[in-house]
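Enquirer: Protein chains in written order, with this note's numbering: chain A, 1 to 271; chain B, 272 to 519.
We put the beta carbon where it would ideally sit given N, CA and C, even for glycine.
Here it is, the structure, as structure tokens.
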Amino acid sequence: MIKLTTNVNIISAQGVTKKFGKFTAVNHISFDVKKGELFAFLGPNGAGKSTTIKMLTTLLKPSSGSLILNDFDVVKNQDSVRKSFGIVFQDPSLDNELTGYENMELHAVFYGLSRREIRPRIESLLELVELWNHRDRPVKYYSGGMKRRLEVARALLHHPHVLFLDEPTLGLDAQTRSLFWNYIKQMNHDESMTVFFTTHYIEEAEAVAERIAMIDHGKIVALGSSKELMDHTSTTSLEEAYLTITGHTVRDEQVSASEVWKERRRARNMR
Amino acid sequence: MRVIYILWLRQLKRFVRARSRMVSAVVQPLLFLLALGYGLGSVYKRAGQGNYLEFLVPGIMAQTVLFAAMFYGAMIMWDKQFGFLKETLVAPVSRLKIMIGGALGGATTAVLQALMVFFISLFIGFHVENWGLLAVALAALCILAVSIASFSSGIGSFVEDMQGFQAINTLLIFPLFFLSGALYPLTGVPAWLRIIADANPMSYAVDAMRGALIGQTHFGLAKDFTVLIITAIVLIAFGAYRFKHIEA
């Protein structure tokens, strides 16, 4: 099959803001992602990348603005939206006591796959990520890279239109990262599946993404292909482009929305 | 139904695979049975109350369910901590089904632990008065288990960390257990203790167990089950409400 990137938007964000009390984690951002595109959110830790993914995946409600995914309003049509995407979270989200197969089976039932299609689908995906021979081992014995591959396979189980990857290679060694992106590019190519990922690794965004949105302090400060971003800033690398646009490097950490959020919840619970 | 079933099965698999959890689930109640049953048995007999072990077993079975079902809330804390909860919350499944499936699984493992205690107690001298009423005892255990597992899922939904959960756990389950008449008869206790025991739903679970297994009841089985069912409705509603607002 040949990969098709169309001009049809599968994700559309218009004026989206997320506030936690007085703290603005995401500040009036607007962007579109085309069907079949490999799209990256690039920014330092705490810039608002994970908050944006949480809003797109129904885990958080935006304070204002509109989010459309696969023609469904993310706030009003949560179940339809949830069926449309698969996600690999920043932190592992597997049940370590269950086997790889059982983790996949659980997900298949959540997404309403029929009994007849569950086993062949799981088999084909676990074969694809080279985990079929390890299917009956509890996940607690998997390496970090194997867990990541299992999470990707799980995210694809229900044939999603969009795959969200939130800092998917964090904590993985260089070789495993390279293998991981090979799988993702292959799936994007073979199934024309849209991939939306967040990263603070510039080389990853440059090597994988067709378009990159640079995010800083909750705002999208630039959007385009890596070549467009470099041309626009008259720089020769994406790192320089980021520095020119934001005045700091992508490695500079910012106040994380999740930390602000947890702190507020703790304070609220203590009242 | 498939979602509820697979989440129920998940709890069972996790329980069966955690051998240390199975062992500790039985050791603590057995310690209560042996230390108190034999330690205080002679005093109880001299007071003209009969066989203390017989009296104690139903209370210890209810205690096993209470402690084990409360443990389900800790599972929610772990699911939060290790990320599995997020996987369930982004799935196109109602939170009520997620809560029910998990709580039923937690309740089932709690009842299994109580049954393990029951079978062991048969070997150390416990006699069932009327085997025909075993189903009644099981029903009381099941209602108690579902109530407590639902309640603990509600607690696990809003508590931020494991220390906080354990603090609430200790604050709740020990008074529920010690003020329930599980270890002593409620006849002849001071008025203040009797008022507390009358208001404690755990007293009715213990009483129903005792009524069914050894034919001794303080409140009467009809009153026991009425209170247990009302408690179950309230605690399931609490668990469902809190779980609906859970944040991963």
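Sort B/G459, B/A453, B/I426 by Cα distance to B/L443 and report the nearest one.
Expert: Closest by alpha carbon: B/I426.
Enquirer: Which residues, in order along the stretch 97–116 of chain A, keep a beta-carbon less than 8 angstroms from a beta-carbon of chain B?
Expert: Within the stretch 97–116 of chain A, the qualifying residues are E97, L98, E102, E105, L106, H107, V109, F110, Y111, G112.
Enquirer: Do the stretch 431–442 of chain B and the stretch 356–370 of chain B touch if we need at least three Cβ pairs shorter than 8 angstroms?
Expert: No: the two stretches stay apart, fewer than three of their Cβ pairs being nearer than 8 angstroms.
Enquirer: Can you grab the Cα-Cα spacing for the pair B/Y343 / A/S80, in whole Å?
Expert: For B/Y343 and A/S80, the distance between alpha carbons rounds to 30 angstroms.
Enquirer: Any idea what DSSP makes of A/P138, helix, strand or coil?
Expert: Strand, per DSSP.
Enquirer: Below 7 angstroms on C-beta distance, what does B/G354 contact in chain E?
Expert: Note that chain E does not occur in the displayed structure, where the protein chains are A and B.
Enquirer: What does a CB cutoff of less than 7 angstroms around B/M370 pick up in its chain, not counting 5 residues either side in sequence?
Expert: The residues are S424, G510, A511, F514.
Enquirer: Under a three-way DSSP split, which group does A/D231 fall into?
Expert: In the structure shown, A/D231 sits in a helix (DSSP, three-state: H, G or I).
Enquirer: Taking 9 angstroms as the CB-CB limit, is B/L393 close to chain A?
Expert: By this cut-off, B/L393 is not an interface position.
Enquirer: Of the choices B/T335, B/N322, B/F429, B/C413, whose alpha-carbon is the least far from that of B/T502?
Expert: The shortest Cα separation from B/T502 among B/T335, B/N322, B/F429, B/C413 belongs to B/C413.
Enquirer: Go through the stretch 202–231 of chain A residue by residue and report every complete run of the beta strand (DSSP E) that reaches 3 residues or more, in order.
Expert: Listed in chain order, they are 211–216, 219–224.
Enquirer: Please look up how many angstroms separate the CB atoms of A/I184 and A/K49, rounded, as I've assumed it's under 8 angstroms.
Expert: About 17 angstroms separates the two Cβ atoms, so there is no contact after all.
Enquirer: Which residues in the same chain have their Cβ closer than 6 angstroms to the Cβ of A/M1, if we skip the five residues on either side of it in sequence?
Expert: The predicted model places A/M1 with a pLDDT of 47, which falls under 50 and marks its position as unreliable, so this point remains unresolved.
Enquirer: Got a sec: is the Cβ-Cβ distance from B/V238 to anything in chain A below 9 angstroms?
Expert: What the structure shows of chain B is the stretch from 272 to 519, and residue 238 of chain B is not part of that stretch, so it cannot be assessed.
Enquirer: Helix, strand or coil for A/Q14 per DSSP?
Expert: It is a strand residue.
Enquirer: Which two residues bound the contiguous alpha helix (DSSP H) that contains B/H398?
Expert: Where B/H398 is concerned, there is no enclosing alpha helix (DSSP H), given that its DSSP letter is neither H nor E.
Enquirer: Applying the criterion that 16 or more other CB atoms from any shown protein chain within 10 Å of the CB defines a buried residue, is B/A493 buried or exposed?
Expert: When all chains shown are included, B/A493 counts as exposed.
Enquirer: Is A/T176 helix, strand or coil when you go by DSSP?
Expert: It is helical.
Enquirer: To which residues of the same chain is B/T335 closer than 6 angstroms at the C-beta, ignoring the five residues directly before and after it?
Expert: P300, Q384, A385, V388.
Enquirer: Note down the Cα distance separating A/R149 from A/E239, rounded to an integer number of angstroms.
Expert: Answer to the nearest angstrom: the Cα atoms are 28 angstroms apart.
Enquirer: Residues in the same chain with beta-carbon distance under 6 angstroms from B/A411, minus the five sequence neighbours each way, listed in chain order, please.
Expert: Taken in chain order, the residues that qualify are A476, A479, M480.
Enquirer: Which residues in chain B sit within 7 angstroms of A/R82, going by Cβ to Cβ distance?
Expert: Ordered by position in chain B, the residues that pass the 7 angstroms Cβ test against A/R82 are V361, A362, P363.
Enquirer: Under three-state DSSP, which class holds A/F41?
Expert: Strand.
Enquirer: List the residues of chain B that A/D79 touches, going by C-beta distances under 7 angstroms, in chain order.
Expert: Those are P363, listed as they occur along chain B.
Enquirer: Closer than 7 angstroms between beta carbons: that is the criterion. Which residues of the stretch 46–80 of chain A meet it against chain B?
Expert: From the stretch 46–80 of chain A, only T57, T58, L59, D79 have a Cβ closer than 7 angstroms to chain B.
Enquirer: For A/G86, write down the residues that DSSP places opposite it in a beta bridge.
Expert: A/G86 pairs with A/L163.
Enquirer: Per DSSP, what kind of secondary structure is A/H158 in: helix, strand or coil?
Expert: Coil, per DSSP.
Enquirer: Let me make sure I understand the geometry here. Which of A/E97, A/L157, A/I245, A/E151 has the alpha-carbon closest to that of A/S114?
Expert: When each option's Cα is compared against that of A/S114, the closest is A/L157.
Enquirer: Using the three-state DSSP reduction, which class does B/V417 fall into: helix, strand or coil?
Expert: Correct three-state label for B/V417: helix.
Enquirer: Does the beta-carbon of A/N188 have 16 or more other beta-carbons within 10 angstroms, so that it is buried, or is it exposed?
Expert: Counting Cβ neighbours within 10 Å, A/N188 comes out buried, since at least 16 surround it.
Enquirer: Under 8 angstroms: do the stretch 140–148 of chain A and the stretch 65–77 of chain A share three or more Cβ pairs, one atom per stretch?
Expert: Contact between the stretch 140–148 of chain A and the stretch 65–77 of chain A is absent, because fewer than three Cβ pairs lie under 8 angstroms.
Enquirer: DSSP beta-bridge partners for A/S64?
Expert: A/S64 pairs with A/T17.
Enquirer: Can you tell which of B/I467, B/L484, B/A470, B/Q282 has its C-alpha closest to the C-alpha of B/W349?
Expert: Per the Cα distances, B/Q282.
Enquirer: So which of A/D32, A/S124, A/G86 has the shortest CA-CA distance to A/G224?
Expert: The option with the nearest alpha carbon to A/G224 is A/D32.
Enquirer: Measure the C-alpha to C-alpha separation of B/R292 and A/A213 and round it to an integer number of angstroms.
Expert: For B/R292 and A/A213, the distance between alpha carbons rounds to 48 angstroms.
Enquirer: Under the assumption that A/G218 contacts A/V8 (Cβ atoms under 8 angstroms), give the Cβ distance between them as a whole number of angstroms.
Expert: Actually they are not in contact, since the Cβ atoms of A/G218 and A/V8 sit about 28 angstroms apart, beyond 8 angstroms.
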